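Peer 1: In my numbering, the protein residues as written are 212 to 345. First the structure, which I've put down as structure tokens, then a few questions once you've had a look.
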């Protein structure tokens with residue numbers, strides 16, 4: 212799916228939606244340009260976001276721009292690890308939703324096994340005995 216030649220189609224997009232693309236490029240230039248946050252750090256942020264969103268075009272472009280802005284290998288790796296931690300952290304946070312749905316569906320089953328129910332959690336022994344639910 213990733214093919215750098217696809218970027219050649221940007222010109223076609225510009226011809227099909229000139230005002231929108233003009234506004235997009237102006238926004239992009241302003242957002243990533245020098246400001247309160249220096250370009251070097253904006254490009255590190257962009258690399259981390261690109262890694263998180265898994266956009267190969269963005270990874271290529273912003274990693275190159277970061278290098279041009281003076282970013283070191285160590286800085287790129289640290290930015291990648293921040294992105295990885297945030298992506299993993301989101302999975303952990305969203306797991307609370309899955310657990311909530313799971314608990315509401317299993318409450319009757321847990322009670323049938325002699326426990327107080329899922330809503331009580333670890334204090335009822337549920338967390339220590341989840342293997343028995345299978």
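The beta-carbon is built from N, C-alpha and C at its ideal position, and this holds for glycine as well. Fair warning: this is a prediction, and the values are worked out from it, not measured in the lab.
Short check: CB of residue 290 to CB of residue 258, under 8 Å?
Peer 2: yes
Peer 1: Taking buried to mean at least 16 other C-beta atoms within 10 Å of its own C-beta, is residue 324 buried or exposed?
Peer 2: With fewer than 16 Cβ atoms within 10 Å of its Cβ, residue 324 is classed as exposed.
Peer 1: Are there 16 or more other CB atoms within 10 angstroms of the CB of residue 262, so buried, or fewer, so exposed?
Peer 2: Burial of residue 262 is indicated by the presence of at least 16 other C-beta atoms within 10 angstroms of its C-beta.
Peer 1: Out of 273, 264 and 269, which has the shortest C-alpha to C-alpha gap to residue 217?
Peer 2: 269
Peer 1: Measuring CB to CB, does residue 232 end up less than 8 Å from residue 224?
Peer 2: yes
Peer 1: Sorted by chain position, which residues of the same chain lie with C-beta nearer than 7 Å to residue 294's C-beta, five sequence neighbours on each side aside?
Peer 2: Same-chain partners within the cutoff: 259, 262 and 263.
Peer 1: Is the beta carbon of residue 254 closer than 8 Å to that of residue 237?
Peer 2: no
Peer 1: Taking a contact to mean a Cβ-Cβ separation below 8 Å, would you say residue 274 touches residue 287 in this structure?
Peer 2: Against a cut-off of 8 Å, the Cβ pair of residue 287 and residue 274 comes out as a contact.
Peer 1: Within 10 Å of its beta-carbon, does residue 303 have 16 or more other beta-carbons around it, so buried, or fewer, so exposed?
Peer 2: exposed
Peer 1: If you reduce the DSSP assignment to three classes, tell me which class residue 226 lands in.
Peer 2: helix
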